[in-house]
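Protein chains in written order, with the working numbering: chain W, 691 to 893; chain E, 691 to 893. Structure record follows, encoded as structure tokens.
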Ligand SMILES: NC(=O)c1ccc[n+]([C@@H]2O[C@H](COP(=O)([O-])OP(=O)(O)OC[C@H]3O[C@@H](n4cnc5c(N)ncnc54)[C@H](O)[C@@H]3O)[C@@H](O)[C@H]2O)c1
Ligand SMILES: NC(=O)c1ccc[n+]([C@@H]2O[C@H](COP(=O)([O-])OP(=O)(O)OC[C@H]3O[C@@H](n4cnc5c(N)ncnc54)[C@H](O)[C@@H]3O)[C@@H](O)[C@H]2O)c1
């Protein structure tokens with residue numbers, strides 16, 4: 691498996707290579723990629739060898755092939771359905787964001803436990819009762835979920851998701867979830883992000 | 691300066707030590723901390739030595755002193771005013787979140803360039819014209835800002851922030867900002883986060 695730090699770089703390369711594709715550029719060198727994205731060309735060449743892409747000396751990489759290789763490695767050559775748990779402030783912003791769909795991620799179902807939310811629809815997606823989660827996630831064969839519930843409900847939400855067959859979770863709740871070996875978990879703790887800024891500013 | 695990965699761990703320790711403080715526990719060992727938070731006790735002891743905290747052999751750490759040391763290192767023993775740039779979907783969720791204030795971060799001013807937003811107030815905070823940003827940020831001596839504008843406006847927003855005296859930025863726009871040496875920048879690219887999940891699921 692690729693280290694996470696490499697995966698982050700691959701998705702930054704993909705964004706830039708996509709813009710080259712749109713401009714109709716046929717080739718690009720690792721030096722040009724390095725200048726544009728502030729990475730060392732040797733780092734870029736090593737990363738791209740992971741996705742089976744090799745440039746021709748003096749000519750560079752074929753932009754179309756490079757994009758396809760990056761897309762395939764990142765799993766973006768297909769569509770992914772995503773379950774969102776928690777229809778609160780953050781859930782609403784995430785469900786309204788067009789950027790996910792552009793990368794092939796569609797928030798196709800939303801779950802909540804509040805009677806004032808269940809039954810509403812956001813941009814055509816219905817908010818369903820969390821009690822329905824096992825049935826709906828199995829039916830739609832959903833593998834990716836986002837947790838946007840309060841910290842005290844996060845573990846319970848994760849347990850139901852895992853029992854329903856979800857294999858990868860993006861967690862926004864400030865709580866250290868206990869998950870089994872095979873599950874992929876990414877945590878985003880926005881308070882911790884701000885603390886890294888205040889820590890830097892504290893001499 | 692502490693490596694970011696250490697800062698992330700310190701803020702997880704702080705969250706747990708805070709709960710011990712609330713329960714009135716006087717002491718805690720690195721073994722107990724390790725069991726609760728799934729980190730190695732030797733890693734915890736090394737990290738805590740960074741913040742000048744040393745446990746007594748066989749007894750552990752003084753919970754109150756440990757919390758104060760963590761607070762001080764993370765810069766949480768004081769209040770921080772934060773400027774939010776972009777009053778859109780994400781900006782609204784961030785400004786509504788009570789968790790930031792609990793850690794001493796107050797979103798005290800919001801900027802936008804849309805006439806339909808300027809002049810509104812969200813939870814008592816006025817949305818101001820981005821043209822006022824240099825004046826207001828200097829007046830309030832704001833050092834931390836969050837960027838929540840579209841990717842094509844992100845660099846312009848960052849440039850004005852830096853000219854106004856901001857020293858640390860949390861950026862949500864999917865754009866690689868060019869910033870000078872002394873500025874602290876944390877990027878959150880939610881599409882990249884989802885890509886790390888799809889990459890993991892792609893065999
Ligand atoms: N809003 C932000 O900008 C922000 C910032 C940092 C962290 N977070 C974290 O993200 C999470 C969501 O934040 P928010 O601001 O959207 O909160 P919110 O209170 O606005 O929304 C939470 C939603 O979860 C639902 N919920 C509660 N318990 C549930 C359960 N057991 N099952 C299903 N649904 C349940 C609630 O009905 C509500 O709709 C929280 O953990 C919060 O700490 C949010
Ligand atoms: N909403 C999400 O969940 C989400 C997820 C991932 C990434 N993002 C990123 O976060 C940023 C904000 O997303 P959003 O969903 O809130 O977008 P949005 O379109 O809802 O809001 C953007 C706001 O920025 C304002 N704006 C535009 N140009 C500006 C400028 N030059 N100066 C000041 N204000 C300006 C607009 O008037 C608007 O109010 C975007 O870069 C987006 O890619 C958002």
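Ideal Cβ positions, reconstructed from N, Cα and C, are used throughout, including at glycine.
Looking only at C-alpha atoms, which of E:781, E:755, E:844 and E:852 sits nearest to residue 816 (chain E)? For the purposes of this step, residue 816 (chain E) is identified with residue 126 of the second chain, where counting begins at 1. Nearest option by C-alpha distance: E:781.
Residues near residue 657 (chain W) in its chain [Cβ-Cβ closer than 7 Å; skip 5 each side]: Residue 657 (chain W) falls outside the range modelled here, since chain W spans only 691 to 893, and no answer is possible.
Under 8 Å: do the stretch 723-742 of chain E and the stretch 791-798 of chain E share three or more Cβ pairs, one atom per stretch? Because the criterion of three Cβ pairs below 8 Å is not met, the stretch 723-742 of chain E and the stretch 791-798 of chain E do not touch.
Between residue 787 (chain E) and ligand 2, is the CB less than 7 Å from at least one heavy atom? Within the second chain, residue 787 (chain E) is the residue found at index 97, counting from 1. Because no heavy atom of ligand 2 lies under 7 Å away, the Cβ of residue 787 (chain E) does not count as near it: no.
For ligand 2, is there a heavy atom less than 7 Å away from the beta-carbon of residue 839 (chain E)? Along the second chain, one-based indexing puts residue 839 (chain E) at 149. Taking non-hydrogen atoms of ligand 2 into account, the C-beta of residue 839 (chain E) is found less than 7 Å away from one of them.
Tell me whether residue 772 (chain W) sits in a helix, a strand or coil according to DSSP, three-state version. Sequence index remark: in the first chain, residue 772 (chain W) carries index 82 (1-based). Assignment of residue 772 (chain W) by DSSP, reduced to helix, strand and coil, places it in the strand class.
Between the CA atoms of residue 862 (chain E) and residue 840 (chain W) - distance to the nearest angstrom: For the purposes of this step, residue 840 (chain W) is taken as the residue at position 150 of the first chain. For the purposes of this step, residue 862 (chain E) is taken as the residue at position 172 of the second chain. Answer to the nearest angstrom: the Cα atoms are 21 Å apart.
Put residue 877 (chain E) into one of helix, strand or coil per three-state DSSP. In the second chain, counting from the first residue as 1, residue 877 (chain E) sits at position 187. Correct three-state label for residue 877 (chain E): strand.
Thinking C-alpha only, which one of W:867, W:700 and W:774 is nearest residue 742 (chain W)? Your numbering for residue 742 (chain W) matches position 52 in the first chain. Ranking the options by Cα distance to residue 742 (chain W), first place goes to W:700.
Report back the beta-carbon spacing between residue 886 (chain E) and residue 766 (chain W) to the nearest angstrom; my notes put them in contact at under 8 Å. By 1-based counting over the second chain, the position of residue 886 (chain E) is 196. By 1-based counting over the first chain, the position of residue 766 (chain W) is 76. Separation of the CB atoms of residue 886 (chain E) and residue 766 (chain W) is rounded to 12 Å, and the pair is thereby denied contact status at 8 Å.
Would DSSP call residue 871 (chain E) helix, strand or coil? In the second chain, counting from the first residue as 1, residue 871 (chain E) sits at position 181. It is coil, neither helix nor strand.
Which residues of the stretch 712-739 of chain E have a Cβ closer than 9 Å to any Cβ of chain W? Give them in chain order. So the close ones are 726, 727 and 728.
Enumerate in chain order the residues of its own chain whose CB-to-CB distance from residue 730 (chain E) is below 7 Å, with the five nearest sequence positions on each side excluded. In the second chain, residue 730 (chain E) corresponds to position 40, counting from 1. These residues qualify, in order along the chain: 724.
Say yes only if the C-beta of residue 885 (chain W) is nearer than 7 Å to one or more non-hydrogen atoms of ligand 1, and no if none qualify. As a position in the first chain, residue 885 (chain W) is number 195, starting the count at 1. At a threshold of 7 Å, residue 885 (chain W) does not count as near ligand 1, since its beta carbon sits no closer than that to any of the ligand's heavy atoms.
Which residue comes first and which comes last in the alpha helix (DSSP H) that contains residue 739 (chain W)? On the first chain, residue 739 (chain W) is found 49 positions in, with the first residue counted as 1. Note, residue 739 (chain W): alpha helix (DSSP H), 731-740.
So that I know if they touch, is there some Cβ in chain W lying closer than 8 Å to that of residue 883 (chain E)? Here residue 883 (chain E) corresponds to residue number 193 of the second chain, with the count starting at 1. At least one chain W Cβ lies under 8 Å of residue 883 (chain E).
Could you please tell me which residues of the stretch 753-772 of chain W, in chain order, have their CB closer than 7 Å to any CB of chain A? Included in the structure are the protein chains W and E, with no chain A among them.
Quick one: does residue 698 (chain W) have its CB under 8 Å from some CB of chain E? On the first chain, position 8 is the one that residue 698 (chain W) refers to. Yes, because at least one Cβ of chain E sits closer than 8 Å to the Cβ of residue 698 (chain W).
Can you find a C-beta in chain W that's less than 8 Å from the C-beta of residue 842 (chain E)? Residue numbering aside, residue 842 (chain E) sits at position 152 when the second chain is read from its first letter. Closer than 8 Å: no.
For a contact meaning CB atoms closer than 9 Å, what does residue 870 (chain E) contact in chain W? Residue 870 (chain E) sits at position 180 when you count from the first residue of the second chain. Close to residue 870 (chain E), with beta-carbon spacing below 9 Å, lies no residue of chain W; the smallest spacing is near 13 Å.
Could you tell me which residues DSSP puts in a beta bridge with residue 815 (chain W)? Your numbering for residue 815 (chain W) matches position 125 in the first chain. W:812.
On the CB-based measure, 16 or more other CB atoms within 10 Å of its CB, does residue 818 (chain E) come out buried or exposed? Mapped onto the second chain, residue 818 (chain E) falls at position 128. With 16 or more neighbouring CB atoms inside 10 Å of its own CB, residue 818 (chain E) falls in the buried class.
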